[in-house]
Amino acid sequence: MLKPVSHSDSPPLFAALALSPDPVFVTNRLNRVVFSNASAERLLGYTNEEAVGLSCAELFEGCDGNGNRYCSEVCPVNQMAVRHEAIRHFVLRLRAKDGRTVTAEVSVLHLIAPPPDPFFLAHILRPQEISPAAPPGGRDGLDPPRSALTAARESPDLRARRLTPREVEILAMLAAGHATPTIAARLHISRLTARNHVQNVLDKLEVHSKSEAVAFAFQKRLL
-9 MLKPVSHSDS
1 PPLFAALALS
11 PDPVFVTNRL
21 NRVVFSNASA
31 ERLLGYTNEE
41 AVGLSCAELF
51 EGCDGNGNRY
61 CSEVCPVNQM
71 AVRHEAIRHF
81 VLRLRAKDGR
91 TVTAEVSVLH
101 LIAPPPDPFF
111 LAHILRPQEI
121 SPAAPPGGRD
131 GLDPPRSALT
141 AARESPDLRA
151 RRLTPREVEI
161 LAMLAAGHAT
171 PTIAARLHIS
181 RLTARNHVQN
191 VLDKLEVHSK
201 SEAVAFAFQK
211 RLL
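With the first letter of the sequence shown counted as 1, position 178 gets the number 168 in this note's numbering; the numbers rise by one all the way through.
See below:
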């Protein structure tokens, strides 16, 4: 378990973030929270001491706009940081300490650090208000979130448009952190068939691993 970072002995940048009006939490290369500021506590309910040392996946249980589990131990944002790729802002539904669902636009600041931590990821949260008067299925008069299949079909990237409906479903389950045996069980198919579907996803997206496929889906806004 990591030792909580107090505002007095934290690195200079963390100390600067401590009083920011923007809710911010910071993770390391292991997806563990190393710092959370007072604004994040007001938004999500967790103090710095409660958050530090936990994975952001188990703490916040982040889901995409359609309710699919996005945050997992194999974090696509972390994978992109390892490859030094730019991380675009995205929207997540986060679980607050009191059980509320908080929808926020997330911007990630990639901070290069000296060994033993090659980088930190500062997650800056901008809460999105859901209008009570919004029509069913809509958000503040906006169109409802697209399904993963629609996003793949409308993607400007040809690789995404190659995916079949089943392969898009498989990709969403990979993003939710499900292993191949679990995918097979949930879809009532054999493990061999599930492995073949996963391999087809990797081939069509021209990537070499499941984590790269999930990162691709995140980067192209398929999920």
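Ideal Cβ positions, reconstructed from N, Cα and C, are used throughout, including at glycine.
Task: Contact check, Asn190 vs Glu159, beta carbons under 8 Å - done: no
Open item on the list: Assuming Leu213 and Asp54 are in contact, meaning their beta carbons sit under 8 Å apart, how far apart are those beta carbons, in whole angstroms?
Closed with: 5 Å
Task: Touch test, the stretch 37 to 54 against the stretch 13 to 22, Cβ-Cβ under 8 Å, three pairs minimum - done: yes
TODO: Compute the Euclidean distance between the alpha carbons of Pro155 and His74, then round it to the nearest angstrom.
DONE: 31 Å
Task: Between the CA atoms of Pro104 and Val72 - distance to the nearest angstrom - done: 14 Å
TODO: With a floor of 4 residues, list each alpha helix (DSSP H) that falls wholly inside the stretch 45 to 90, ordered by position along the chain.
DONE: 46 to 50, 66 to 72
Task: Residues of its chain near Ser26, where Cβ-Cβ distance is below 6 Å and the 5 sequence neighbours each way are ignored - done: Phe15, Asn38, Ala41
- [ ] Give the secondary structure of Ile179 by DSSP, where H, G and I count as helix, E and B as strand, and everything else as coil.
- [x] coil
- [ ] Determine the closest residue to Leu192 out of Thr183, Ser180, Leu101, Phe206, with distance taken between C-alpha atoms.
- [x] Phe206
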